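The numbers in the sequence shown follow this note's numbering, run straight up by one, and end at 390.
Where is the CB? At the ideal position from N, CA and C, for every residue including glycine.
These numbers were taken from a predicted model, which means no experiment stands behind them.
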Amino acid sequence: MSQTPQLELQRFQTAGGAEVFQLPLRLFPGMGSFAPLQGYAYLALVDGDDGPYRVLIDAGSGLGDSNPDLEAGFQAVSMLIGKPIHLPDLTHILITHAHIDHFGGLTYLESRTPAKIGIHELDLRVLTNYEERLTLVARRLGEFLIEAGVPQEQRQNLIGMYQLSKRVFHSVRVDFTFEAIGMHLGPFEMLHTPGHCAGHVVIRLHDILFSGDHVLRNISPHQSPEHLTLSTGLDHYLKSLQRLRAWVDEASSPIRLTLGGHQAPIDDLIGRIDEIERLHRQRLEQTLQRLKQPCTIREVSQALFGEVHGYNVLLALEEAGAHVEYLYQRGLLSVENLQELEASDAPIAVRYRCLPCPD
Ligand SMILES: [Zn+2]
Ligand SMILES: [Zn+2]
32 MSQTPQLELQ RFQTAGGAEV FQLPLRLFPG MGSFAPLQGY AYLALVDGDD GPYRVLIDAG
92 SGLGDSNPDL EAGFQAVSML IGKPIHLPDL THILITHAHI DHFGGLTYLE SRTPAKIGIH
152 ELDLRVLTNY EERLTLVARR LGEFLIEAGV PQEQRQNLIG MYQLSKRVFH SVRVDFTFEA
212 IGMHLGPFEM LHTPGHCAGH VVIRLHDILF SGDHVLRNIS PHQSPEHLTL STGLDHYLKS
272 LQRLRAWVDE ASSPIRLTLG GHQAPIDDLI GRIDEIERLH RQRLEQTLQR LKQPCTIREV
332 SQALFGEVHG YNVLLALEEA GAHVEYLYQR GLLSVENLQE LEASDAPIAV RYRCLPCPD
């Protein structure tokens, strides 16, 4: 699934003369290949009508080598442009979405730069009330795993892993939110693309699009059920892909290059959106096929992704859960063990089946 990313600094220029630097970061030490092991923050240097903008897009994970890699990226940029640029020179930090690999570095950055930190409204609470969020999601996740049919021991492992990777972060201040500033900051324009994450945005600077994790080059961005977090889920995600397509179509000038939070740049954004939509249609079809026989989300996950290990088990369960939820919401599935559910006060494994089944 993962691809070895370019570990050298990359330099791009927009049609409007802005300089963009892709800073490679090692994000997660020692996690499975399904997880985004490596990724990027971006430094954009552009003159606005009201002065220079020196903007960092995303902040890395704050785990392992991510912060040193970020510092090394600034040094490499300084060498390349022949004048020093450091963290205190930043004017803004824009976070594409509140996943740890994109905002975790803020705890390190917060005290080292006067840059104003911005995020979309729907992800604000994750950053400012992080401990609360972690507790609530762990609880919902526990229930989801029971209903998905995951055995107890594995459930405890998975929740332990979920909490472990996230405990290094603590709440940080946020200085502004994107809707409150009209979805643009100087020459940067944002589009809200909920789905992969509730407050996900893509950010346009002239003819370059920063796509965060909404569109990636080689993998379909991870989905989890909206049942776990409002404004996520496959329905929002697919609608956001259409929204992005329309936004790009309506713009006066085309997007020449798309830079994601992971993996290589994308030249053909619309072609890549088409591919991702196709993949989800196939996955929905596979899910329906599996559900000809009543089964749990765990069994759907095994049919879709086979044997996976470590943190990937959780990611695969969430992905399967998102597809089951999408089909269920459209009246294509029924709950097979309804009487058992009615008889139980505590959550139990839920078995679904298709209704009616495809040929
Ligand atoms: Zn993400
Ligand atoms: Zn990511």
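Comparing C-alpha distances from residue 150 to each of 159, 96, 339, 39 shows the shortest one belongs to 159.
With respect to the 8 Å criterion, residue 278 and residue 222 are classified as neighbours on the basis of their beta carbons. Between the alpha carbons of residue 120 and residue 87 lies a gap of roughly 10 Å. By the neighbour-count criterion, in which 16 or more other beta carbons inside 10 Å mark a residue as buried, residue 49 falls on the buried side. Placement of the Cβ of residue 311 at a distance of 7 Å or more from every heavy atom of ligand 1 is found. Nearest Cα to residue 98 within the set 72, 146, 154: 72.
The C-alpha of residue 371 lies about 9 Å from the C-alpha of residue 380. Note on geometry: alpha-carbon atoms of residue 340 and residue 185 lie some 11 Å from one another. Here residue 383 is actually not in contact with residue 266; their C-beta atoms are around 17 Å apart, not less than 8 Å. For residue 41, the enclosing beta strand (DSSP E) starts and ends at 41 to 44. Where residue 148 is concerned, the enclosing beta strand (DSSP E) starts and stops at 147 to 150. Considering only 309, 354, 70, the residue with the shortest C-alpha distance to residue 330 is 354. In summary, residue 225 is buried, with 16 or more beta-carbon neighbours lying within 10 Å of its beta-carbon over all protein chains present.
If you draw a straight line from the Cα of residue 171 to the Cα of residue 145, it comes to about 36 Å. Positions of the beta strand (DSSP E) runs, each at least 3 residues long and wholly inside the region 114 to 159, are given as 123 to 125, 147 to 150 in order along the chain. Rounded to whole angstroms, the separation of the alpha carbons of residue 291 and residue 90 is 13 Å.
CA-CA distance, residue 82 to residue 253, rounds to 38 Å. Per DSSP, residue 332 is one residue of the alpha helix (DSSP H) stretching across 328 to 336.
In the three-state reduction of the DSSP assignment, residue 223 falls in the strand class, which pools E and B. Distances from the alpha-carbon of residue 148 to those of 239, 209, 113, 198 put 209 closest. For ligand 2, no non-hydrogen atom lies closer than 7 Å to the CB of residue 245. Under the Cβ criterion (8 Å, minimum of three pairs), the region 95 to 109 does not count as touching the region 231 to 239. Relative to ligand 2, the beta carbon of residue 293 is positioned inside 7 Å of a heavy atom.
Linking residue 164 to residue 200 through their CA atoms gives a straight-line distance of about 12 Å. According to the DSSP secondary-structure assignment, residue 266 is paired through a beta bridge with no residue.
Distance from the CA atom of residue 376 to the CA atom of residue 152, rounded to whole angstroms, is 36 Å. By alpha-carbon distance to residue 77, the top candidate from 319, 239, 262 is 239.
When beta bridges are read from the DSSP output, residue 240 appears opposite 235, 289. In this structure, the CA atom of residue 259 is about 8 Å from the CA atom of residue 175. Here residue 208 is bridged, per DSSP, to 150. Nearest in C-alpha terms to residue 53, of all of 79, 326, 46, 108, is 108. By the Cβ neighbour-count rule, residue 166 is exposed, with fewer than 16 other Cβ atoms within 10 Å of its own. When 51, 203, 365 are compared, the shortest CA-CA separation from residue 140 is found for 203. Judged by beta-carbon spacing, residue 294 lies within the 8 Å limit of residue 249, meaning their Cβ atoms are closer than that value.
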